[in-house]
Each structure stands twice: as C-alpha cells, then as structure tokens.
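2 protein chains.
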Amino acid sequence: MLKKANSDLVRRQNRGLFLETLRQHGPLARITLGHKTGLSPASITSISAQLIDEGLVYSVGEDEAAAAQLRRGRPLTRLALNPRATNVLAVSISVDSIELVFADFSGATHAPVKLRMDTYDIPKEEFGPRVAHEIKANARKLGIELISISRIGIAVQGVADTITGEISWSPAFRARDIPVVKPLERILGIPCSIGNNANMIAEALIAADRKKYSGNTAVVFLGHGVGLGLILNGVVYGGANGRAGEFGHMNHLPDGPLCRCGRHGCLEAFSADYGIVRMANSGQTHDFDVHAAVRDEDMRGLEQAAEAGDAIAINAFNRAGEVLGFGIARLIALINPQQVVLAGPGTRAYGLMKDSIWEALRRGLVHDLRKYVEFEVVPYGKDMITTGTLVETLRHLDRDVFATGQKSAIVEFAGRKIA
Amino acid sequence: MLKKANSDLVRRQNRGLFLETLRQHGPLARITLGHKTGLSPASITSISAQLIDEGLVYSVGEDEAAAAQLRRGRPLTRLALNPRATNVLAVSISVDSIELVFADFSGATHAPVKLRMDTYDIPKEEFGPRVAHEIKANARKLGIELISISRIGIAVQGVADTITGEISWSPAFRARDIPVVKPLERILGIPCSIGNNANMIAEALIAADRKKYSGNTAVVFLGHGVGLGLILNGVVYGGANGRAGEFGHMNHLPDGPLCRCGRHGCLEAFSADYGIVRMANSGQTHDFDVHAAVRDEDMRGLEQAAEAGDAIAINAFNRAGEVLGFGIARLIALINPQQVVLAGPGTRAYGLMKDSIWEALRRGLVHDLRKYVEFEVVPYGKDMITTGTLVETLRHLDRDVFATGQKSAIVEFAGRKIA
DNA sequence: TGATTTATTTTAGCGTCCAAAAAAATGTTG
DNA sequence: CAACATTTTTTTGGACGCTAAAATAAATCA
Chain G
7 MLKKANSDLV
17 RRQNRGLFLE
27 TLRQHGPLAR
37 ITLGHKTGLS
47 PASITSISAQ
57 LIDEGLVYSV
67 GEDEAAAAQL
77 RRGRPLTRLA
87 LNPRATNVLA
97 VSISVDSIEL
107 VFADFSGATH
117 APVKLRMDTY
127 DIPKEEFGPR
137 VAHEIKANAR
147 KLGIELISIS
157 RIGIAVQGVA
167 DTITGEISWS
177 PAFRARDIPV
187 VKPLERILGI
197 PCSIGNNANM
207 IAEALIAADR
217 KKYSGNTAVV
227 FLGHGVGLGL
237 ILNGVVYGGA
247 NGRAGEFGHM
257 NHLPDGPLCR
267 CGRHGCLEAF
277 SADYGIVRMA
287 NSGQTHDFDV
297 HAAVRDEDMR
307 GLEQAAEAGD
317 AIAINAFNRA
327 GEVLGFGIAR
337 LIALINPQQV
347 VLAGPGTRAY
357 GLMKDSIWEA
367 LRRGLVHDLR
377 KYVEFEVVPY
387 GKDMITTGTL
397 VETLRHLDRD
407 VFATGQKSAI
417 VEFAGRKIA
Chain R
7 MLKKANSDLV
17 RRQNRGLFLE
27 TLRQHGPLAR
37 ITLGHKTGLS
47 PASITSISAQ
57 LIDEGLVYSV
67 GEDEAAAAQL
77 RRGRPLTRLA
87 LNPRATNVLA
97 VSISVDSIEL
107 VFADFSGATH
117 APVKLRMDTY
127 DIPKEEFGPR
137 VAHEIKANAR
147 KLGIELISIS
157 RIGIAVQGVA
167 DTITGEISWS
177 PAFRARDIPV
187 VKPLERILGI
197 PCSIGNNANM
207 IAEALIAADR
217 KKYSGNTAVV
227 FLGHGVGLGL
237 ILNGVVYGGA
247 NGRAGEFGHM
257 NHLPDGPLCR
267 CGRHGCLEAF
277 SADYGIVRMA
287 NSGQTHDFDV
297 HAAVRDEDMR
307 GLEQAAEAGD
317 AIAINAFNRA
327 GEVLGFGIAR
337 LIALINPQQV
347 VLAGPGTRAY
357 GLMKDSIWEA
367 LRRGLVHDLR
377 KYVEFEVVPY
387 GKDMITTGTL
397 VETLRHLDRD
407 VFATGQKSAI
417 VEFAGRKIA
C-alpha cells in the first residue's frame, strides 16, 4: 500500500538524497550536486543553506586540481559533509574479541580498537555492560565525547534478531539470546542496531560499487561458518526478524554430518573450515569437536597439502565445493539473483573448490537459471565488516535522522553546531 | 539510493493512494477516504474533483444501510471507481487450454472464458497470434471494444521471463522461449505483462488479507508442478528477471529421480503429482513418462487408497511430504518468512503429508528459525490465479498509469470519459 | 422555524520546487 | 585596463499540492 505524500516527504527525501550524494562522491560543487541529484540549482542553494546552517555540511575550498587548470567563469565552491557534525561507532563481535571503529560524520575512521574478551563463556547479562564500558573507556581515550555519538552499529557472526536486538545464536557465545541493543542503549543513551556479518559485507560491497551490486545479489561468506547477505532490489534483505540468510544452516543432506548448530547435514558442516578439516581427518569423524575453532595456520596447511597433491586434502575441498555448489544452486532457484559473490577468508581455497562448485551447479540447477547468473570472488579485507557497519549506520543518519531537518534531531544527535 | 522528490511525486502518490483505497474498501464517502488515507478533507475534495473529471471515479448514492439508520447532519455521498473508465484482461495459460477473464476498472469480472488450445505442440511463433486472435474474438462477443482495454496480465505455470516477456520454460509447452508479450502488444496495441502462477496466487492472498500477508510470506503452490510465490516486505518478489521461486526445481537430492526439467533430484520430482504417482508405481520407475499429465481422477484414487491404508500409497505421500518439508526448511533458512502458506490442488492431500512435512522441518531446520514461522494451508480456488492477475494488473493502472494524472495516460488508456 | 449536526467546499496561506533573471567572480580580448 | 565572455551561485516570482480554518450544504431535532 502506498503512503501519504506531502511537502514534508519531499523535503526529507531531497535532503536525504543531498547527503547521500555527498557521502558517495565526496566534496562537490553545488552545480555538480544539481546534476547528480536531478535537483535544480535553486533547490540546491536552498537545501545547502539549511544544511550549512545546521552544521551538517560546510564549504571547502575549490578543488586544487580543478583550480590549477585555468577556466573562465566564477570558480566553484565545493560542499562537504562536516566531519564535526557528529560521530558514529561500529562494533564487530567475534570469538574472544570485539573491535571498535569510531568514525566522524564524513566517514573518516579512527584506528580500529581490538579488545580481547572471553565472549564464549561470559554470562549473558554481563556482555552488554562490558561492551558499554569498553565503549566509554575507549571513546574517552580518543577524546570523543559520548554525547557526540549519534548511533552505534553492531555486527556479529551468527543469528542476530534485529527486532529484539539480541544475539539469538552465535559461535562466539555458549549462551543464547544475549541482549545487546537494549543494555547499550540504556547505559550509553545512544541508539543502537545489530545485524550479522554477512549483511554488513553486503553493505560494504554496495558502497564500493553501487551500480554493480544494487540489483539482486547474493553474497556468500566463507569462514568459520558460512553466511549469506542478500541484496534484493538494491537493499539488504533481513527477513521477518533479521534471520534471513542462514545459508550455513540450510540443510544439504538429511542425516549428514553433525553441525555446530546441533543438527545434521547443514551446508556448513561440509563447507565451513571445520567441516573441511573434519573431512580431511576422516578417521576421527565421530569424536571430532565441532565447537573447537580451527586455527588459521591449520587451514593454510591443509590448503598447501591440497595444492601439493595430497589426495585426502583435495577430496575434502572438493566435497566442500560440491556442497557449496548445491547450496548455491538452491539459492539461485529460490532468489534468481543477478550475481553471486563469494567473500571471506574461505575464498583463499576457491581454486581448490572451483571445479566441484561448477559441477554441482551443472547438476543441481536448470540451465535457464544458471545462464543468467554472474559469479564473482572478491578478495577479503578484514575491515569489510566494520566498513559495512559504518556505511549502514551513516546511511541511517542521512536518511532517517538528519534528513528530517527537525531541530530536535539536530540537537539531540549532533550535539554541537559549527559556526 | 533515494530518488528526487517534487510535487509531481506527491500528486502521483496521493492519487495512487486514493485509487488503491477505493479499490480495497469499495465505495467510500470523502470523509472516510480522508481517515483511511490520512489526507485532509480539502485534499480529498481536490483529488476527487480531478478524478471525477477524468472519469475514473464517480459519485454513487448514499449507502442504503447507512441511510436507513437515521443520523443527523449532511448525508455522505460515496465515491466509487467508475467501472466504465476502462477494462482489463487476465489470461491464464495452462496445459491444453487458456482462460480469459475480462474485468472493468472496478474489478467486476465477466464470466471466465475457457478455451481449449493444443499448447504443448504449438509452434512457438504461432502461440502469441493465436492468443491475440482469441482475445479479439471474445472481446467482440462480450461487447468489449479492444481500445477500452488498458492492460493485459498473463499468468503461466513455469518460468516466465518478466523482462523479455517470454515463457522460458513451461510444462504446457514442448518449445522454449515462447514470445508472448511482444506479439500481443504488437497485434493488439495493448500493454501486457507476464508472470507465473505462484506469484499471482500470492497477489490474490495479499488482496484477500492485506494485514496478514503483507510482511514476508512464502506461498508454496502444489499441483502438476511445485511453485513458489515470495512476498518480501509486502511486495511480490520476482528476482532479477522474474525467475525467482523456482522452488520445484530446487535440488533436493543430487542424482535423485528424473524431473520434468531434465535434471535429477529436483523437489518436484518427489512432491508434484507426477512424482507421487511415480513413487506409488515404483515398479516402473525407469520407464515412467514424466511428461504425461496426471489425471485428476488418478490422483484422487491414489489419495483414497492412502486414506484406506494402502501402504504403498501412504509411503508415496510420506516421501512427498518429507521432501517438501526439507525444501521448506531450506526456504525458511534463506528467507526467514513470517508465514509459509500451502496452496493449490495438491493441498487436498495435506493430511497425508502433514506428519512427514513436520518431521522433516524438525530435522532440517534450527529451532530458532522454526519457532517464528506460522504455517497455513489455504483452500484452493481455481480462480485464485486470474484473481491475482487482475489484482496485479489493476494495481499497475492505479499506481503507474492513472495516478500520473497526465492527459495522455487518460486518453490513451481509458478511451472514453463519463459525463 | 431555528438550532444542531455532519459532510463537503472554499479560502487563505505554507512549504517545496523550479525557470528565468540577476548577481558574483573569474578569464579573455582588443 | 575596460568591456566582454563564461561559469557558478543566488534571487525572484510563480506553480503546485497540502492543510487549517471558515463557510456552505443538507440533513435531523426540538
């Protein structure tokens, strides 16, 4: 159903568009903003005057390069997002550590702060307060006032319930349903949201190449687990309560090998690192501890063995690829994406799995569907998760907080204005 | 990325909202329209004056029931969609027949016209012209001028490419990539669109109970094949080119039994009618002709046998349910819908499959995901497909054609105006 | 008949956009 | 160096659509 439209909507949408355009392209002259947004010069003047008055945007000098090459006419003055307008924070939770990345409104980040934390055995009600404490301490260390932080985005591997703000299940915790958003909001007084790693990587991809990834794209994350971020109609899709994309726990083979989730035959039990290691050590299938984290050097060793021709190792990667291929085939049959992107540290072994992935796609997917899908492997950067989290958080500010142009939003979230 | 907003957008959106509200609730007084849409009485007066002038809406008398119970004050005058504003047509294509349902702008339908047509062996370039011919002939028979038809919606079982407007693959045709939209548009001069049956059923469900189905719902269609309509964020999701929801050809078991699509182990090969029949006649697995249509009476016979305790028949339905259950488990893991709805003639045998469906869900899906999903079986009406097609077609008119309020749209599509 | 009630229309004004004109700020040229 | 050319930005004047409030319409009530 459509929603009522009025001038309020127009203002919000165009201010949001203005901010998003600046965020995407960096400092731009008013005239360029007009071209990119489709708004008239008059409107750009009007909107920018407001945003400057509110301290969200400010004038920076003419572009050096542009100024160098002599051109006639009035020189352009570029506008930029004001870094001092506000701050945000991305929190990435993984096994035994959390990472904090503070950024200003322009998206410039401070150096990541990595903190050891014994997540696995922490009592569930202590986790939120511990994180809140670390946030306070580290913000102080960096000279960032708490009140200047408008929003905190949190990323976690596993199942995050976006509605309740709890971590339903994650390999980083023994406990379930760990409250995160509520305690942080209560203690810090800052709006928070939570999502899973794969969705954040999808956000990072969209930000990196909007054109390419903004249709329907499935981002498969290979690592300690197997995750999935779905971009549907250009937007990251979360499902009814953020639980979409549990690709790793999509069943592959009824009654197959044990998975970390306690069920049998999940895709992850074949294709995540521990599934591959187990397959390679097939003698000890039964007493294999699925919960033990696979060390990076062990995984690299196995990859090297496979590359050196070790039949058992090769077979383990083949099997992982085959199951992954069938999973992707099922995914494509359901979602019909334009693109499937493989990401995560597990893609290091893509060369070892490639053939079996494609063989499985051939066996498991009608040609009509297969022929339309582009397949891609992206190099994995550790910072993709926090980058994506920041992108998502800042977009929320652009669209839903600062775009409204209501004084309350500015005062409440921005904390200060620039003269 | 956001899009530019201006008063044009406001007009379109509010006119669309006005029309959709009338379509959903039937004749309404201006004051009620105001409450339902959130628009002010002044705006309602203004918009309705325009729509009346354009012949899209007209005044009907006061509601009898409301008039009967004496009330003070100026009596309300109700507005309704003008049936004579334009006409639309739904075309449903199935094996060996096509069905035409003409409707006016208010959604009132003529009696369905069912036409035998040997679809399976028709040369692919003849199909479009044949359908066009039937449309012309039957419109004339019903006294409907061709020029009064604004839009034609087409539904087909199988894979319809919404971009090219071709039937990529369907059990109703031996050929592939049968052009439909283009020839119809060329011959009739009327805008057309095509989609698959399951999506149309999803549309019909949304129309029947907007509140219930407008979040994230998966509609599984059981019949000669197994289809899927996905409602994501309240909108039917088509995928990159309308091929989403190929649930029936989602692989269940690598190298399993032969499917109509030519691959092995698709879900449909177990759970569609022919899969069940084959399983029951397991002696002749190898020379079973998957392309032969299963007759309704045979299917009913098998159901009765199972209900009477025939072990072989019971086993066939159990197996169908098990595979369906695993498929639904995979679907839920990927999509995280609020609801899963079973529809189609195959649901007659739901009682025979229920236990095995649920057992498979238990085995194939983590509890965290299972516990949030509501499960529902809806009685199947043969008209759901054409109803859904009409709903979709009329909504397109409401939102994208008549909402613009441009004279060209009115003249071009409506054909005539009412005094 | 006049008061009351309810629905609808009219009026006056507001916010946003935009085309066109004006202004600003620089380079070019005779 | 003054007039002209060019380009960016601002200002002006108006359009469009929404809305609150006032006015009007059309009924019932007493």
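Those protein sequence lines, which keep their order, are chains G and R. Under the working numbering, the first residue of the first sequence carries the number 7, and numbering increases by one thereafter. Under the working numbering, the first residue of the second sequence carries the number 7, and numbering increases by one thereafter. For every residue, glycine included, the Cβ atom is placed at its ideal position computed from N, Cα and C.
Partners in chain R for residue i, counting only beta-carbon separations shorter than 7 Å
| i | result |
| --- | --- |
| G:V97 | Correct list: empty, because the minimum Cβ distance to chain R is about 22 Å. |
| G:M256 | R336, A339, L340 |
Beta-carbon neighbours of residue i, restricted to chain R and to distances below 8 Å
| i | result |
| --- | --- |
| G:Y378 | A246, N247, R249 |
| G:T399 | Going along chain R, no residue has its Cβ under 8 Å from G:T399, so there is no contact; the nearest lies around 17 Å. |
| G:E26 | M7, L8 |
| G:S174 | D374 |
Candidates the options: closest to residue i by CA position
| i | options | result |
| --- | --- | --- |
| R:L273 | R:G233, R:A286, R:A250, R:G307 | R:G233 |
| G:P343 | G:A114, G:E191, G:S103, G:K377 | G:K377 |
| G:L57 | G:L25, G:E68, G:L238, G:A298 | G:L25 |
| R:A117 | R:I282, R:T392, R:G159, R:R192 | R:T392 |
| R:A5 | G:G134, G:A286, G:A214, G:N257 | Residue 5 of chain R cannot be examined here, being either before or after the span of chain R that is shown, 7 to 425. |
| G:G350 | G:D279, G:L28, G:D406, G:I318 | G:D279 |
| R:A299 | R:A250, R:Y126, R:E382 | R:Y126 |
| R:I320 | R:R336, R:M359, R:V296, R:S100 | R:M359 |
| R:A246 | G:A224, G:G245, G:N247, G:A246 | G:A224 |
| R:V101 | R:M123, R:R369, R:T43 | R:M123 |
| G:Q163 | G:L82, G:E252, G:T92 | G:E252 |
Cross-chain neighbours of residue i in chain G, by beta carbon under 8 Å
| i | result |
| --- | --- |
| R:C267 | V372 |
| R:N324 | Per Cβ cutoff of 8 Å: no residues; R:N324 is ~14 Å from chain G at best. |
Residue i at chain R interface by Cβ criterion, 7 Å
| i | result |
| --- | --- |
| G:F294 | no |
| G:F227 | no |
| G:L8 | yes |
| G:N222 | yes |
| G:L85 | no |
| G:G44 | yes |
| G:Q163 | no |
| G:Q310 | no |
| G:A299 | no |
| G:N321 | no |
Reduced DSSP secondary structure (H/G/I, E/B, other) of residue i
| i | result |
| --- | --- |
| R:A161 | strand |
| R:L228 | strand |
| G:H116 | coil |
| G:A420 | Interpretation of G:A420 is limited by its pLDDT of 40, a score under 50 that renders its predicted location unreliable; the figure taken from the coordinates is listed afterwards. Looking at G:A420 - three-state DSSP - the assignment turns out to be helix. |
| G:A181 | coil |
Under 9 Å from the C-beta of residue i: neighbouring residues of chain R
| i | result |
| --- | --- |
| G:W364 | Residues of chain R passing the Cβ test: none, with the nearest at roughly 14 Å. |
| G:V186 | Near G:V186 there are no residues of chain R at all, since even the closest Cβ is about 16 Å away, more than 9 Å. |
Residue i beta carbon near the ligand MG (any heavy atom closer than 6 Å)
| i | result |
| --- | --- |
| G:L87 | With respect to small molecules bound, the structure shown includes none, and the ligand MG cannot be examined in it. |
Closer than 7 Å to chain G by CB, residue i
| i | result |
| --- | --- |
| R:I53 | no |
| R:I341 | yes |
| R:L57 | no |
| R:L23 | yes |
| R:A214 | no |
| R:L403 | no |
| R:N202 | no |
| R:A210 | no |
| R:A178 | no |
| R:V16 | yes |
9 Å Cβ cut-off: residues of chain G touching residue i
| i | result |
| --- | --- |
| R:F253 | A339, L340 |
| R:N20 | L8, K10, A11, N12 |
Chain G residues whose Cβ lies nearer than 7 Å to that of residue i
| i | result |
| --- | --- |
| R:Y243 | L238 |
| R:P260 | F332, R369, G370 |
Q) Should the region 197 to 205 of chain G be regarded as contacting the region 175 to 188 of chain G, the criterion being three or more beta carbon pairs within less than 8 Å? A) Touching, yes.
Q: Determine contact between the region 138 to 156 of chain G and the region 106 to 114 of chain G, defined as no fewer than three beta-carbon pairs at a distance below 8 Å.
A: The answer is yes - the region 106 to 114 of chain G touches the region 138 to 156 of chain G, with three or more Cβ pairs under 8 Å.
Q: Would you check if the region 114 to 133 of chain G and the region 201 to 216 of chain G touch, i.e. whether three or more CB-CB distances between them fall below 8 Å?
A: Touching, no.
Q) Between the region 165 to 179 of chain G and the region 357 to 364 of chain G, do three or more beta carbon pairs fall short of 8 Å? A) Note that the region 165 to 179 of chain G does not touch the region 357 to 364 of chain G; fewer than 3 beta-carbon pairs, one per stretch, sit closer than 8 Å.
Q.
Is it the case that the region 220 to 233 of chain R contacts the region 234 to 241 of chain G, given that we only count it when at least three CB pairs across the two stretches are under 8 Å?
A. Between the region 234 to 241 of chain G and the region 220 to 233 of chain R, the count of Cβ pairs shorter than 8 Å is below three; the stretches do not touch.
(Q) Measuring CB atoms only, is the region 259 to 273 of chain G touching the region 307 to 317 of chain G, in the sense that at least three cross pairs come out at less than 8 Å? (A) At 8 Å Cβ cutoff, the stretches do not touch.
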